[in-house]
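Numbering (full-length UniProt numbering), first residue to last: 1 to 733.
By construction, the Cβ of each residue, glycine as well, lies at the ideal position given by its N, Cα and C atoms.
Quick caveat, the model's predicted, so the values are computed rather than measured.
Notes follow the structure.
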Amino acid sequence: MKVVALVSGGKDSCYAMMKCIQYGHQIVAVANLLPADDSVDELDSYMYQTVGHQIIVSYAECMGVPLHHKLSYQRTPGDEVEDMFILLNEVKKQIPSITAVSSGAIASDYQRLRVESVCSRLGLVSLAYLWKQDQSLLLQEMITNEIMAITVKVAAMGLDPAKHLGKKIAFLEPYLHKLKDLYGINVCGEGGEYETLTLDCPLFQNARIMLDDFQVVLHSSDSIAPVGVLHPLKFHLESKQSDSLSGNNKTNDLCRENISSVFEVQGVNLEECKAPGEPGAEVNDLIEVSSHRLHLSKTEKDNTFSICCWLQDTSGPSTGLQGDLKLILRQIELQLEGCGLGWEHVLYIHLYISDMDQFTRANETYVRFITQDKCPFGVPSRSTIELPLIQAGLGRAYIEVLVANDQSKRVLHVRSISCWAPSCIGPYSQATLHKEILHMAGQLGLDPPTMTLCDGGSTAELESALQNSEAIAKCFNCSISTSAILFVVYCSTNIPLDERPKIHDNLDTFAKQLKLSHLDKGTKPEVLDPIFLYILVPDLPKRALVEIKPILYVPETMETPEETSCQLSSIVAPSYFSFQPADWHDSCIQKCVIPGKICAVVLSITSVVAMKICSDSMNADWSNNNHQNSLTESQMKRISRFCIFLLNKTIIENDFSWKDTMSLRLYFPPNLHVPLETLSNLFADGFKELDQMNGGTEVGGKPIFNLVPVLGAGISAACTNDIITCELFARKS
1 MKVVALVSGG KDSCYAMMKC IQYGHQIVAV ANLLPADDSV DELDSYMYQT VGHQIIVSYA
61 ECMGVPLHHK LSYQRTPGDE VEDMFILLNE VKKQIPSITA VSSGAIASDY QRLRVESVCS
121 RLGLVSLAYL WKQDQSLLLQ EMITNEIMAI TVKVAAMGLD PAKHLGKKIA FLEPYLHKLK
181 DLYGINVCGE GGEYETLTLD CPLFQNARIM LDDFQVVLHS SDSIAPVGVL HPLKFHLESK
241 QSDSLSGNNK TNDLCRENIS SVFEVQGVNL EECKAPGEPG AEVNDLIEVS SHRLHLSKTE
301 KDNTFSICCW LQDTSGPSTG LQGDLKLILR QIELQLEGCG LGWEHVLYIH LYISDMDQFT
361 RANETYVRFI TQDKCPFGVP SRSTIELPLI QAGLGRAYIE VLVANDQSKR VLHVRSISCW
421 APSCIGPYSQ ATLHKEILHM AGQLGLDPPT MTLCDGGSTA ELESALQNSE AIAKCFNCSI
481 STSAILFVVY CSTNIPLDER PKIHDNLDTF AKQLKLSHLD KGTKPEVLDP IFLYILVPDL
541 PKRALVEIKP ILYVPETMET PEETSCQLSS IVAPSYFSFQ PADWHDSCIQ KCVIPGKICA
601 VVLSITSVVA MKICSDSMNA DWSNNNHQNS LTESQMKRIS RFCIFLLNKT IIENDFSWKD
661 TMSLRLYFPP NLHVPLETLS NLFADGFKEL DQMNGGTEVG GKPIFNLVPV LGAGISAACT
721 NDIITCELFA RKS
């Protein structure tokens, strides 16, 4: 991409430009905001560095690219972005080929979010290659890569204006690490401990800046952390070419020179340069859909529940994927409104589509309903999967949303491309934390700085996806190796058969290595025993082979081992549907239980299990034949009752109830040859019977499950031949 770089004069923005070039981008312009009063060194802004701004005009000559700056910047309480919007809007007008903006944000959400907001309004991509990088390593990289920067402001315990201003970062590096050990400072100065001015770096191909004279100005003589700035008085450019720059090395007494490659951006009317807003939902042109085609399900939990919507009976006139998706999104919107809620209350969205080739079109429809403006507390996290919807007799789109009736969620939404984890440029977030449960967006095996899939097949993609998941988990002070409740692993049918057995082994190895790294660091975190569900699907975004969807437990307070250890319940669930407890039942169930808080269950009905359930009506060699073709409706009824019996037994005996259920998915293969409507009725009738046996106090008599057609599912990527797989997640209020 062609990039305009936001520069403050400091080391971070310069190194960010170098990283852009490393990843194949081209810096075609730099942009800077200057104080309205040239004599002012420090505006104490959370957004911009202003110390040393007098020298930045020379960057255009040093780099050989145009510099655009705005002279009228004044700090505005509560909003520091409109001047940046005007500046970048003008740069975009002057250089229409620009598609991205580089910034040097390392740890400041305040800076990153505002740059991303401006980029979004202007249709530009934010590049933040330093984001979330280890600051000690980053500082060393800058020095190794020949960034010659000096301190122009100090404001931290242990930094003395008289001693440490004007010093090179290479000289100060050991001392900064000492201060980090003593006082916990940020070695890159991200906490405002110090600011720098870059006088030379590999980007300066034409000349380097030579500071001839300066003045130290003491802003605060605090005895613990005095604050001082370096005010440049005179500098000159020293040519790096065989001939001197323009014939001579020029001394600049800080008078404004008429440099042809420096452009001053004047203030403009914001209404004139306002970028088109996010499109609103177009609901007036919705095609009427008959009620028998539209299906809904909803869990009964009062404060966090799932709503699922899909279309059935594809024999009627088709509106295409976009039309189906529009109908479904509008229907969910109406359901939310009926509960007095909106899209801002949605925590997570499962977007299932029939054809990944139409992903872009699906996203165009999606963004008409779910926007940043509608979700001021953060857009929902999301996973997008291609499923065999048409083969199962469904429409071309299928959506499940997880909804909370409060606004206590914490959302991580990084739209910048960085080295940290894959960006989420669209209206969905990397992760959403709500009531101690971290719902992470589906993670692909992408290389974050390039946003391309890793080479090396499914195992390489899996490792990269896990690394990306771990980077996101760290932002919430947890780890996928210790805090994971459930891993859902979507596997594409494009994975060679001989690679599939390696997937679970590699996942397990990765988690164990992470646990060992925590021990090496001296930490002994509580470790959950997660459960695994592997789902075989036709395709994934970007033609990925693997997508990981972790769900993590993030306690609000540190707990003692006794609080999270397994505890045996004395509750014994009734035996319904004529089933009696048996030892082999345990082989069907995976569960992760945090007593009194969370119960996650995966129930796997294999052909062997089906034989045991329906032993009175099946031949002995049934499991060796094409069993899915030979299942009768009565056998499926028996299997459905067994699923309900065992799920009920598991949640009751762990001191949970059906009212605690947040989601219940029933995965089935289309070649089951039991019509979806029949399958749905079998489970619905089973839950009604359970409700009657419980005296109408548990399930409530309404469908609380959603049937999800998949090519296969199971507890291993090597064996995804389950007849039915149930995934239940419950949480105590």
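Cβ-Cβ distance between residue i and residue j below 8 Å
| i | j | result |
| --- | --- | --- |
| Y129 | C14 | no |
| I385 | P427 | no |
| L139 | E173 | yes |
| I437 | P232 | no |
| residue 775 | V101 | Not covered by the structure: residue 775. The range shown for the chain is 1 to 733. |
| A404 | L466 | no |
| P709 | L389 | yes |
| L647 | I723 | no |
| A665 | N706 | Note that residue 665 is Arg in the sequence shown, not Ala. Yes, they are a contact pair. |
| S136 | V187 | yes |
| Y23 | T452 | no |
| C588 | S604 | yes |
| C419 | Q635 | no |
| G686 | I652 | no |
Alpha-carbon spacing of residue i relative to residue j, whole angstroms
| i | j | result |
| --- | --- | --- |
| K435 | I143 | 43 Å |
| R121 | N32 | 19 Å |
| R114 | G64 | 28 Å |
| L462 | G456 | 10 Å |
| Y534 | S607 | 17 Å |
| I472 | F235 | 44 Å |
| D497 | E633 | The amino acid occupying residue 497 in the given sequence is Leu; Asp does not appear at that position. Each residue's Cα considered, the two are about 32 Å apart. |
| L682 | S640 | 7 Å |
| A441 | N89 | 32 Å |
| L690 | D586 | 21 Å |
| V537 | C491 | 6 Å |
| E344 | T557 | 26 Å |
| V602 | I417 | 35 Å |
| G10 | K180 | 20 Å |
| A225 | D160 | 8 Å |
| S575 | C339 | 35 Å |
| I480 | A511 | 7 Å |
| V229 | R208 | 22 Å |
| K374 | L351 | 19 Å |
| M84 | D447 | 29 Å |
| E677 | A610 | 21 Å |
| Q443 | N303 | 27 Å |
Contacts around residue i, its chain only, beta-carbon distance under 6 Å, and the 5 residues preceding and following it disregarded
| i | result |
| --- | --- |
| V593 | C599, N654 |
| L182 | none |
| C309 | L296, I328, Q331, I332, I399 |
| F729 | A600, M662, S663 |
| T365 | Q322, L325, K326 |
| R500 | A717, A718 |
| I98 | K2, V4, K92 |
| A713 | I535, Y667, T720, D722, T725 |
Assumed close pair residue i, residue j - CB separation to whole angstroms, cut-off 8 Å
| i | j | result |
| --- | --- | --- |
| R526 | T493 | Checking the sequence, you will find Glu at residue 526 rather than Arg. Rounded, the Cβ-Cβ distance is 37 Å, inconsistent with contact. |
| S663 | L402 | 7 Å |
| E193 | A155 | 6 Å |
| A421 | N477 | Actually they do not touch by this definition, with Cβ atoms about 16 Å apart. |
| Q95 | V30 | The sequence as given places Ile at residue 95; Gln does not occur at that position. 11 Å between Cβ atoms; not a contact. |
| G342 | L334 | In fact, because the Cβ distance is near 11 Å, the residues do not count as touching under 8 Å. |
Sequence-distant residues of the same chain with beta carbon closer than 7 Å to residue i, five excluded per side
| i | result |
| --- | --- |
| I495 | S458, L545 |
| K502 | T459 |
| L321 | I353, S354, D355, Q358, R361, A362, R396, A397 |
| S220 | P226, V227 |
| L711 | P388, T493, L536, V537, P538, P669 |
| K612 | W584 |
8 Å CB neighbourhood of residue i in its chain, flanking five on each side removed
| i | result |
| --- | --- |
| A460 | G445, C454 |
| L732 | The question names Leu, but residue 732 in the sequence shown is Lys. Cβ within range, chain order: G596, K597, I598, F656, D660. |
| L528 | T482, S483, A484, I485, Y553, T564, C592, I594 |
| H439 | L347, Y348, S381, L402, A431, T432, L433, I551 |
| P675 | G393 |
| E141 | Y15 |
The region 480-491 / the region 542-560 touching (three or more Cβ pairs under 8 Å): yes
Validate contact between the region 199-216 and the region 149-168 using beta carbons, cut 8 Å, 3 pairs: yes
Touch test, the region 375-382 against the region 407-424, Cβ-Cβ under 8 Å, three pairs minimum: yes
Inter-stretch contact at 8 Å, needing at least 3 Cβ pairs: the region 535-547 / the region 353-362: yes
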